[in-house]
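A.B. asks: A single structure is presented below for examination.
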Amino acid sequence: MLKDKLLSLVVPVYFEQECIEQFIYETTKVLKEHAINYEIIFVDDGSKDNTVELIKTQALNNTNLKLVEFSYNHGKQAALTAGITYAKGDYLLMMDPDLQDPPIEIPNFIRKIEEGYDLVFGVRKEKKDNIINVIFSKLFWWILEHFTGLNLPRGLAVMRIFNRRFTNQFLKYNESSRFIEGMFMHVGMKQTTITIEQRERFAGVSKFNFSRKLNLAFDAILDFSDLPLKNIIRIGSYMVVLGFFAAFFIVIAKLLLIDFQMGWASIMVSMLIGFGVQLIMVGIVGVYVGKIYKQVKQRPLYSVKTVTNLEEK
Ligand code: UDP
Ligand code: MG
Numbered sequence: 004m005l006k007d008k009l010l011s012l013v014v015p016v017y018f019e020q021e022c023i024e025q026f027i028y029e030t031t032k033v034l035k036e037h038a039i040n041y042e043i044i045f046v047d048d049g050s051k052d053n054t055v056e057l058i059k060t061q062a063l064n065n066t067n068l069k070l071v072e073f074s075y076n077h078g079k080q081a082a083l084t085a086g087i088t089y090a091k092g093d094y095l096l097m098m099d100p101d102l103q104d105p106p107i108e109i110p111n112f113i114r115k116i117e118e119g120y121d122l123v124f125g126v127r128k129e130k131k132d133n134i135i136n137v138i139f140s141k142l143f144w145w146i147l148e149h150f151t152g153l154n155l156p157r158g159l160a161v162m163r164i165f166n167r168r169f170t171n172q173f174l175k176y177n178e179s180s181r182f183i184e185g186m187f188m189h190v191g192m193k194q195t196t197i198t199i200e201q202r203e204r205f206a207g208v209s210k211f212n213f214s215r216k217l218n219l220a221f222d223a224i225l226d227f228s229d230l231p232l233k234n235i236i237r238i239g240s241y242m243v244v245l246g247f248f249a250a251f252f253i254v255i256a257k258l259l260l261i262d263f264q265m266g267w268a269s270i271m272v273s274m275l276i277g278f279g280v281q282l283i284m285v286g287i288v289g290v291y292v293g294k295i296y297k298q299v300k301q302r303p304l305y306s307v308k309t310v311t312n313l314e315e316k
């Protein structure tokens, strides 16, 4: 399999000391069994446990294992981008080290992309996760599709493979805020999915708690849609129309000599709600402005401390 081609695994790691050895063991076993030329690019996103040492120890005996170390935590999206930048392969395969997506699927991904696709997404049969997470992720994808029109495959796993042509196109994107799945859809090209069997996280805990996930969800929506801005205009217009109706009926009532004494309570309530709505709207505009500010500064996405078995860039 893959006689004259190189496969690059791109693996972001962050506090993964419980998983990393098992991950290396399982992946290299599959890769060797199928005689695949490979490199594994680990990108350490600023772990403070033994993750880096464990990878370095293994990398001493196997130069196909490569490591990029960030100087501090930049987030998974940046780590993935770094991995994709350093990878030399004809095919790039994204994986998490927690073994939720099993390495035995690697040959299936290669088989599928060799049929002539540019990108093959793994999708899971069912999500091995607690009920809250499942509900949240369903809601997230629904809102995302509704707001952005991005038609992402349902039940997206992390594992996915793409070719050099796709990679080169992806590397042209220099946005500072990166919702990788959305960017992949924007790159487009010939895409398909394969279904994979997911497992529980091998060990350790998820790094994405609820509020981090919520932040990612907001970013995804704001990066790929200006619908919130348009909705501000819509809501504002409704309120103005409502105001005119109210004015009209109050004048009629006065002419009919109906005298209603509006108490301060009703005025307070409408003022509070009105001001609240305005603040929210200014906030939404502010978030977009913040994103522009970040983009305009053109800061590098990440800062690399050192690399192992790789050339400095
Ligand atoms: N990760 C990262 N930087 C972070 C948080 C997470 O590189 O700031 C990596 C982490 O090591 C893991 C992957 O992102 O490989 C997915 O994280 P996790 O498995 O904790 O999330 P879940 O699968 O529960 O969504
Ligand atoms: Mg995981």
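First residue of the sequence shown: 4, per the working numbering; consecutive thereafter.
Just so you know, even glycine gets a beta-carbon here, dropped at the ideal spot from N, CA and C.
1. Using a strict less-than 5 Å threshold between each residue's beta carbon and the heavy atoms of ligand 2, what residues do you get?
2. So within the region 73-130, which uninterrupted alpha helix (DSSP H) runs reach at least 4 residues, ignoring any that extend past its ends?
3. Quick one, which of T196, I39 and V244 has its alpha-carbon nearest V126's?
4. Count Cβ pairs between the region 291-304 and the region 174-186 that sit closer than 8 Å; are there 3 or more?
5. Would you report the Cα separation of F252 and I183, rounded to the nearest angstrom?
6. Near P100, which residues of its chain fall below 7 Å by C-beta distance, leaving aside the five closest residues on each side in sequence?
7. Nearest by alpha-carbon distance to K128: which of L159, G152 and R114 is it?
8. Between L232 and V288, which are expected to be in contact by the criterion C-beta below 8 Å, what is the C-beta distance as a whole number of angstroms?
9. The alpha helix (DSSP H) with M242 in it runs from where to where?
10. Taking 9 Å as the threshold (beta carbon to beta carbon), is D222 in contact with chain B?
11. Is G78 near ligand 1 - that is, is its Cβ less than 8 Å away from at least one heavy atom of it?
12. Between the C-alpha atoms of L63 and Y89, what's the straight-line distance to the nearest angstrom?
13. If distances are taken between C-alpha atoms only, which option among T309, N312, S240 and L225 comes closest to G293?
14. Can you find the residues in the same chain that come closer than 8 Å, C-beta to C-beta, to M242, ignoring five residues on each side of it along the sequence?
15. When the Cα atoms are used, what is the spatial distance from H189 to L258?
16. Taking 8 Å as the cut-off, does the CB of E19 come closer than this to any heavy atom belonging to ligand 3?
C.D. replies: Result, derived from the coordinates:
1. Near ligand 2, meaning a beta-carbon closer than 5 Å to one of its heavy atoms, we find D99, D101 and Q103.
2. Counting only runs of 4 or more, we get 79-89 and 109-116.
3. The residue with the shortest Cα to Cα distance from V126 is T196.
4. When C-beta atoms of the region 291-304 are compared with those of the region 174-186, three or more pairs fall below 8 Å, so the two segments count as touching.
5. Straight-line Cα distance between these residues: approximately 52 Å.
6. Closer than 7 Å at the Cβ level, and outside the excluded window around P100, lie V14, V16, E19, C22, I23 and F26.
7. Among L159, G152 and R114, the Cα nearest to that of K128 is on L159.
8. Rounded to whole angstroms, the Cβ separation of L232 and V288 is 7 Å, and the two are in contact under 8 Å.
9. It spans L230 to L258 - the alpha helix (DSSP H) in which M242 sits, taken as one unbroken run.
10. Of the chains in the structure shown, none is chain B; there is only one protein chain.
11. Answer for G78: yes, Cβ within range of ligand 1.
12. It is roughly 19 Å from the alpha-carbon of L63 to the alpha-carbon of Y89.
13. Restricting attention to T309, N312, S240 and L225, the CA atom closest to the CA of G293 is found in L225.
14. A distance below 8 Å between beta-carbons, with the five flanking residues on each side excluded, links M242 to the following residues of its chain, in chain order: G277 and V280.
15. Distance between the alpha carbons of H189 and L258: 59 Å.
16. Ligand 3 is absent from the structure shown, which contains only ligand 1 and ligand 2.
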